[in-house]
Amino acid sequence: MPYSGVDWTVALADPIALRVRGLFLAEGRLVIEGLLASGRGDAIVSVLATPAAAQALALEARLGDRLEIRSPREMEAVTGFNFHRGVLALVRRPETLTVDDVLSMGVSVPPLTCPDRRASATATSGDGVTAASGDGASSSAPGATATSVDGAVAGADVIEGSAVAVGDSRLPTPDSRALLVVLEHLVDVDNIGSCFRNARAFGAVGVLIDDRCADPLYRKAVRTSQGAVLDVPWAAAPIDRILASLARDGVSSIGMTPRGVAGGRAPAPLADVIAGLDPQRPAAVVVGNEGSGLSAEALAACTHLACIRMATGADSINVATALAIALYQITEGSGLRAQGSEGGP
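In the working numbering, the protein residues as written are 42 to 386.
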């Protein structure tokens, strides 16, 4: 019999109660297949799937009595909405990590493989940048203006305390440098998921999130990340503790912001900051709240402040977009291109 404690309607409606029980919801074929293929199928408590999804993922053979098959119409009745993704799983939350756990997992990552030779994605490296981008992008050149990274502040569950989630997707190699991501007070679950997706795409060794951020294991965040929140190690803690730990371990932090710090410290163009990074130091990109950007505390603690040049009159770009730009430019500037990325336009 399927897991008898599952009331899918309640589970969907009350993610906080799920978190208290050490559980989260994962949906979609890509995420579920990722769990099974990575050997984490034992963490799956129960699965609700349509016949088509169950067949496509061979769930009956892989999950046995943990699988409950329903028609699409029945799935809609159980979930309370038009459920298109075909599969919903109740999963045990991964091991809780600390900031030091994430930082100790390695100081390097392997080169990434570009999925298309025409793409210009690059391998991860990192001098050590903490790029804070809540406000986001700015410019110091004629024809460009300072902007802020926007983002709808959607109602989302905020992590309480310093809970953490984790994955174990990559092993370090000695010839590449570590790149980290730091998120301060992001409350939109789509932004959280997109930031994790970007972190995985550019080979970040871990994500450190301020404990005011939305829960990365909120159902929509997991889906938006395409399962990256389960692959990239992460930890949550107060922002001052995160930045102090980075400084202690010699990580260069780059805060993404159009504003300066009281006292005259102003952000430099991102390309200039990257050019001046110490190639021997790991880097962390720090981005901030969708509305207010990085806090004064974070701005003061970052090793570098950087801005993204934008067209005159442009108001903002999304925080996850700003993070992707920063990660790409850092990996590109490091010279550690992804395998297969050369030779295309």
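For glycine and all other residues, C-beta sits at the position ideal for the given N, C-alpha and C.
Remember, it's a predicted structure, so these values are computed and weren't measured experimentally.
What would DSSP say about P310, mapped onto helix, strand or coil?
On the sequence shown, residue 310 is found 269 positions in, with the first residue counted as 1. Note: P310 maps to strand in three-state DSSP.
According to DSSP, is E109 helix, strand or coil?
Stepping through the sequence shown from its first residue, residue 109 is reached at position 68. It is a strand residue.
Among H345, R322 and L271, whose alpha-carbon lies nearest the alpha-carbon of D290?
Here the question's residue 290 lines up with position 249 in the sequence shown. The residue with the shortest Cα to Cα distance from D290 is R322.
Can you tell me whether D13 is buried or exposed? The criterion is at least 16 other CB atoms within 10 Å of its CB, across all chains shown.
Because the chain spans 42 through 386 in this model, residue 13 falls outside it and cannot be assessed.
By a C-beta neighbour count over all protein chains shown, 10 Å radius and 16 as the cutoff for buried, is I366 buried or exposed?
Residue mapping note: residue 366 aligns to position 325 of the sequence shown, counting from 1. Buried, since its Cβ has 16 or more Cβ neighbours within 10 Å.
Starting from the C-beta of G374, find all residues in its chain whose C-beta is less than 6 Å away, skip the five residues before and the five after it, and write them out in chain order.
For the purposes of this step, residue 374 is identified with residue 333 of the sequence shown, where counting begins at 1. Taken in chain order, the residues that qualify are I315.
Using 9 Å as the threshold, is the C-beta distance between R134 and L258 below it?
Looking up residue 134 in the sequence shown gives position 93. Looking up residue 258 in the sequence shown gives position 217. For R134 and L258, yes; Cβs fall inside 9 Å.
Would you tell me roughly how many angstroms separate the C-alpha atoms of A130 and R300, rounded to the nearest one?
Mapped onto the sequence shown, residue 130 falls at position 89. Mapped onto the sequence shown, residue 300 falls at position 259. Approximately 43 Å, taken between the alpha carbons.
Rounded separation between G192 and I85 - CA only
Start at 1 with the first residue of the sequence shown, and residue 192 comes out as number 151. Start at 1 with the first residue of the sequence shown, and residue 85 comes out as number 44. Note that G192 has pLDDT 35, beneath the 50 cutoff, so the model's placement of it is unreliable and no number is given.
Please report the straight-line C-alpha distance between V194 and D251, rounded to a whole angstrom.
Numbered from its first residue, the sequence shown carries residue 194 at position 153. Numbered from its first residue, the sequence shown carries residue 251 at position 210. Interpretation of V194 is limited by its pLDDT of 32, a score under 50 that renders its predicted location unreliable; the figure taken from the coordinates is listed afterwards. If I take the Cα positions, the gap works out to 16 Å.
Whole angstroms is fine: what's the gap from F124's alpha carbon to D231's?
Taking the first residue of the sequence shown as 1, we reach residue 124 at position 83. Taking the first residue of the sequence shown as 1, we reach residue 231 at position 190. Rounded to whole angstroms, F124 to D231 spans 18 Å at the Cα level.
Given A288 as reference, the closest of A339, E101 and I233 once Cα atoms are compared:
Numbered from 1 along the sequence shown, position 247 holds the residue referred to as residue 288. The alpha carbon of A288 has as its nearest neighbour, out of A339, E101 and I233, the alpha carbon of A339.
Nearest neighbour of A324, chosen from P92, A90 and V248 [CA to CA]:
If you number the sequence shown from 1, residue 324 lands on position 283. Measuring from the Cα of A324, the nearest candidate turns out to be V248.
Name the two residues that bound the continuous beta strand (DSSP E) containing A219.
As a first step, residue 219 is located in the sequence shown; it is residue number 178 there, counting from the start. Taken as a continuous stretch (DSSP letters only), A219 belongs to no beta strand (DSSP E), as it is neither H nor E.
Answer yes or no: do L346 and T298 have a C-beta to C-beta separation smaller than 9 Å?
Here residue 346 corresponds to residue number 305 of the sequence shown, with the count starting at 1. Here residue 298 corresponds to residue number 257 of the sequence shown, with the count starting at 1. Yes; because the gap between Cβ atoms is below 9 Å, this pair is in contact.
Give the single residue among V128, R60, T265 and A97 whose Cα lies nearest to the Cα of A90.
If you number the sequence shown from 1, residue 90 lands on position 49. The candidate whose alpha carbon is nearest that of A90 is V128.
T120 beta carbon less than 9 Å from that of W430
Given that the chain is displayed from residue 42 to residue 386, the structure contains no residue 430 and the question cannot be resolved.
Just the Cα atoms here: how many angstroms apart are R241 and G332?
Walking along the sequence shown from the start, residue 241 turns up at place 200. Walking along the sequence shown from the start, residue 332 turns up at place 291. Cα to Cα, the separation comes out at about 25 Å.
Measuring alpha carbon to alpha carbon, tell me which of A54, S357 and Q96 ends up nearest F122.
Residue mapping note: residue 122 aligns to position 81 of the sequence shown, counting from 1. Nearest C-alpha to F122: A54.
If I'm right that S293 touches D319 with Cβ under 8 Å, what's the distance once you round it to whole angstroms?
Translated into positions along the sequence shown, residue 293 becomes position 252. Translated into positions along the sequence shown, residue 319 becomes position 278. Right, their Cβ atoms sit about 6 Å apart.
Return helix, strand or coil for S286, following the three-state DSSP convention.
Counting from 1 along the sequence shown, the entry for residue 286 is found at position 245. Reduced to three states, the DSSP call for S286 is helix.
How would you label S112, buried or exposed, when you count the other beta carbons within 10 angstroms and need 16 or more for buried?
In the sequence shown, counting from the first residue as 1, residue 112 sits at position 71. Classification for S112: exposed.
Helix, strand or coil: which one does DSSP assign to C343?
The residue given as residue 343 occupies position 302 in the sequence shown. Coil at C343, not helix or strand.
Restricting to Cα atoms, I'd like to know which of L64, V72, P56 and A52 is closest to R264.
Counting from one through the sequence shown, the residue named residue 264 turns up at place 223. With distances taken between Cα atoms, R264 lies closest to V72.
Contact under 9 Å by Cβ, N330 with L227
Indexing the sequence shown from 1 puts residue 330 at position 289. Indexing the sequence shown from 1 puts residue 227 at position 186. For N330 and L227, yes; Cβs fall inside 9 Å.
When you compare only the Cα positions, how much space is there between A269 and R238?
What you label residue 269 is simply residue 228 of the sequence shown in a count that begins at 1. What you label residue 238 is simply residue 197 of the sequence shown in a count that begins at 1. Taking the straight line joining both Cα atoms gives about 5 Å.
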